[in-house]
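Per our numbering, the very first residue in the sequence shown carries number 66; after that it's consecutive.
All C-beta atoms in this analysis are idealised placements derived from N, C-alpha and C, irrespective of residue type, glycine included.
Each remark here refers to the structure printed beneath this line.
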Amino acid sequence: MIRTATAGDVPAIVAMIRELAVYEKAEHEVRATEEHIRRALFGDRPAAYAHIAETDGVVEGFALWFLNFSTWQGVHGIHLEDLYVRPEARGRGHGKALLAELARICAERGYGRLEWSVLNWNTPSIDFYEALGAVPMREWTGYRLTGDALDRLAVPRAAQAAQAAQVSQPAQAAGPAAAAEAVG
Numbered sequence: 066m067i068r069t070a071t072a073g074d075v076p077a078i079v080a081m082i083r084e085l086a087v088y089e090k091a092e093h094e095v096r097a098t099e100e101h102i103r104r105a106l107f108g109d110r111p112a113a114y115a116h117i118a119e120t121d122g123v124v125e126g127f128a129l130w131f132l133n134f135s136t137w138q139g140v141h142g143i144h145l146e147d148l149y150v151r152p153e154a155r156g157r158g159h160g161k162a163l164l165a166e167l168a169r170i171c172a173e174r175g176y177g178r179l180e181w182s183v184l185n186w187n188t189p190s191i192d193f194y195e196a197l198g199a200v201p202m203r204e205w206t207g208y209r210l211t212g213d214a215l216d217r218l219a220v221p222r223a224a225q226a227a228q229a230a231q232v233s234q235p236a237q238a239a240g241p242a243a244a245a246e247a248v249g
């Protein structure tokens with residue numbers, strides 16, 4: 066059975082996030098706590114949504130997603146952040162049922178896309194997705210800012226204003242020609 070996640074599912078979701086990270090050889094990158102996931106899914110301004118796959122009350126998988134937006138289509142879509150089915154529950158149709166539920170939400174709400182990423186080496190998942198009719202977007206390359214690179218780019222506004230003032234002051238003092246040269 067597929068159902069919308071509840072706050073009571075948060076411990077199971079966090080456990081499965083860790084299981085997925087182990088499978089993807091990236092357990093050391095997981096920082097999410099139950100409180101992070103609870104706030105993201107059930108806080109005042111939810112940033113993400115989740116669905117649960119379960120059998121006889123036992124949680125066996127989940128899909129965690131959020132809305133994206135296509136400027137070309139002018140409508141929202143769904144970005145599937147994580148789809149995970151526990152190894153002992155694979156082959157029972159949970160993965161397909163979770164994706165079908167997200168596709169149903171897209172159709173019901175007029176969303177234009179359901180998209181996600183998959184690691185290049187994860188051939189079992191790639192084969193599964195392609196068997197459903199999903200196609201890789203080979204013409205696109207994903208980029209990510211994180212850690213120090215993100216911090217460097219996220220210069221506080223006060224520092225940006227100070228930097229702009231430093232650049233414009235010498236140019237203004239030297240006159241219009243120097244100002245034009247300083248700008249570009």
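Here residue 116 is not near residue 85, since their CB atoms are 9 Å or more apart. Of the candidates 122, 219, 77 and 89, the residue whose Cα lies closest to the Cα of residue 102 is 77. Bounds of the alpha helix (DSSP H) holding residue 104 are 99 to 107.
Contact between the region 89 to 101 and the region 155 to 169 is absent: fewer than three C-beta pairs spanning the two stretches fall below 8 Å. Excluding sequence positions up to five before and after residue 114, its CB lies within less than 6 Å of the CB of 130, all in the same chain and listed in chain order. Beta-bridge partners of residue 167 (DSSP): none assigned. Contact between the region 203 to 222 and the region 143 to 162 is not established, with fewer than three Cβ pairs separated by less than 8 Å. Exclusion of the five residues before and after residue 112 leaves 105 and 131 as the residues of its chain whose Cβ lies within less than 7 Å of its Cβ. Pairing residue 126 with residue 150 gives a Cβ-Cβ distance under 9 Å.
Residue range 212 to 218 is occupied by the alpha helix (DSSP H) that includes residue 212. Comparing alpha-carbon positions, the option among 197, 148 and 134 lying closest to residue 89 turns out to be 148. Within the same chain, 142, 143, 177, 178 and 179 come within 8 Å of residue 171 by CB-CB distance, once the 5 residues on both sides are set aside.
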